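S.K.: In our numbering, the protein residues as written are 14 to 269. From the three backbone atoms N, C-alpha and C, an ideal C-beta is built for every residue, glycine too. Note that the structure is a prediction, hence the values are computed from the model and not measured.
1. On the criterion of 16 or more Cβ atoms from any shown chain inside 10 Å, does residue 40 qualify as buried, or is it exposed?
2. Start and end of the alpha helix (DSSP H) containing residue 190?
3. Check for me: the alpha helix (DSSP H) holding residue 113 runs from which residue to which?
4. If you run the structure through DSSP and keep just helix, strand and coil, what is residue 22?
5. Below 7 angstroms CB to CB, which residues in the same chain sit around residue 156 once its five sequence neighbours on both sides are set aside?
6. Where do the ends of the alpha helix (DSSP H) carrying residue 176 lie?
7. Using only the alpha-carbon positions, how far apart do residue 197 and residue 228 sit?
8. From the DSSP output, in three-state form, read off residue 40 for me.
9. In terms of alpha-carbon separation, which member of 38, 54, 45, 48 lies closest to residue 27?
10. For residue 46 and residue 262, which I take to be in contact (beta-carbon distance under 8 angstroms), what is that distance rounded to the nearest angstrom?
11. Closer than 6 angstroms by C-beta to residue 102: which residues in its own chain qualify, once you throw out the five before and the five after it? Chain order, please.
12. Excluding sequence positions up to five away, which residues of its chain have a Cβ less than 7 angstroms from the Cβ of residue 211?
13. Nearest CA to the CA of residue 72: which residue from 132, 223, 248, 135?
14. Distance, Cα to Cα, residue 6 vs residue 118?
15. Given a cut-off of 9 angstroms, decide if residue 169 and residue 80 are closer than it, judged by their beta-carbon atoms.
16. Please classify residue 19 as buried or exposed, where buried requires at least 16 neighbouring CB atoms within 10 angstroms.
17. Give the single residue among 88, 202, 94, 50 whose Cα lies nearest to the Cα of residue 149.
18. Hey, residue 164 and residue 199: beta-carbon distance below 9 angstroms or not?
19. Within 10 Å of its beta-carbon, does residue 216 have 16 or more other beta-carbons around it, so buried, or fewer, so exposed?
20. On the three-state DSSP scale, how would you describe residue 253?
21. Since residue 73 is in the alpha helix (DSSP H), which residue starts that stretch and which ends it?
22. With H, G and I counted as helix, E and B as strand and the rest as coil, what does DSSP make of residue 228?
23. At the level of alpha carbons, what is the spacing between residue 258 and residue 134?
24. Nearest CA to the CA of residue 128: which residue from 202, 52, 190?
25. So residue 37 packs on residue 205, CB below 8 angstroms; how close in whole Å?
26. Confirm, please, whether the CB-CB distance from residue 266 to residue 35 is below 9 angstroms.
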């Protein structure tokens, strides 16, 4: 604990816990958005590198739980179906993760804030992508590349994944499972990549591990109330919160 307090004050640690709990709650209810909420919230008062390190373990464990909810056979089937997406995304994630320590902080904040803001604006405006002729191999590869590149830099790859799965009319239950598989494998790769990049190290890993406690508690609660609320209304509220967070990141990128 003493080593963690050299990185972050007790008051900021408490705020980090609250953000992780909210991120877990949303994750349990809608199946995504934990990394977006964590990176947007934590980056408001922590360095981009520490914020990124903080989300790694909560993302890894929560997505493993989500991916395996319906058993390992269903998860394996999803891996086979979206193999191209996963393979291309992994390659670009490993490539872009090495840029974290090279890019200036304002550039990194902008690259995190821009896709979050764009995704939220499109969703709130009612944009629902649809592919009339079903899945496309080249589009799957391109989307995987975009998701992996953004994910390696920021730990956030949800927006392009959700957009693609929505566009090919993925069944709701399968979509949640596929998101867990894709995010889980991405989180595993992200963990390894940022051990190599130095972002996740002996100093920052305990902070990430501590965020597991409120993150998983929030996820458990979110899964419990999943069927008791109007999910569409809650998702809209979530998008508004994410939009404000994304705009705040863009403000910091442009104004410092």
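M.R.: Straight from the coordinates:
1. Here residue 40 is buried: its Cβ has 16 or more other Cβ atoms, across all protein chains shown, within 10 Å.
2. Run containing residue 190: 185–210, per the alpha helix (DSSP H) assignment.
3. Where residue 113 is concerned, there is no enclosing alpha helix (DSSP H), given that its DSSP letter is neither H nor E.
4. In this structure, residue 22 counts as coil in the three-state DSSP scheme.
5. Residues of the same chain with a CB within less than 7 angstroms of the CB of residue 156, apart from the 5 flanking positions on each side, are 98, 173, 177 in chain order.
6. Where residue 176 is concerned, the enclosing alpha helix (DSSP H) stretches over 171–180.
7. Rounded to whole angstroms, residue 197 to residue 228 spans 15 angstroms at the Cα level.
8. Residue state, collapsed to three classes: helix.
9. For the residues 38, 54, 45, 48, the minimum Cα distance to residue 27 belongs to 54.
10. Going by Cβ atoms, the distance from residue 46 to residue 262 rounds to 15 angstroms, so no, they are not a contact pair.
11. Correct list, in chain order: 157, 160, 161.
12. In chain order, 114 place their CB closer than 7 angstroms to the CB of residue 211, counting only its own chain and leaving out the 5 sequence neighbours on each side.
13. Selected option, being the one with the closest Cα: 223.
14. It is not possible to answer for residue 6, since the shown part of the chain is limited to 14 through 269.
15. Not a contact, by the Cβ cut-off of 9 angstroms.
16. Counting Cβ neighbours within 10 Å, residue 19 comes out exposed, since fewer than 16 surround it.
17. Proximity to residue 149 across 88, 202, 94, 50 peaks at 94, based on C-alpha coordinates.
18. Note that the C-beta distance between residue 164 and residue 199 is below 9 angstroms.
19. With fewer than 16 other CB atoms across the displayed protein chains lying within 10 angstroms of its CB, residue 216 is exposed.
20. Residue 253 carries a helical assignment under DSSP once its states are collapsed to helix, strand and coil.
21. First-last of the alpha helix (DSSP H) with residue 73: 61–80.
22. Residue 228 falls in the helix class under three-state DSSP.
23. If I take the Cα positions, the gap works out to 12 angstroms.
24. Considering only alpha carbons, the answer is 52.
25. The beta-carbon separation of residue 37 and residue 205, rounded to 23 angstroms, does not stay under the 8 angstroms limit for a contact.
26. Cβ distance not < 9 angstroms, so residue 35 and residue 266 don't count as in contact.
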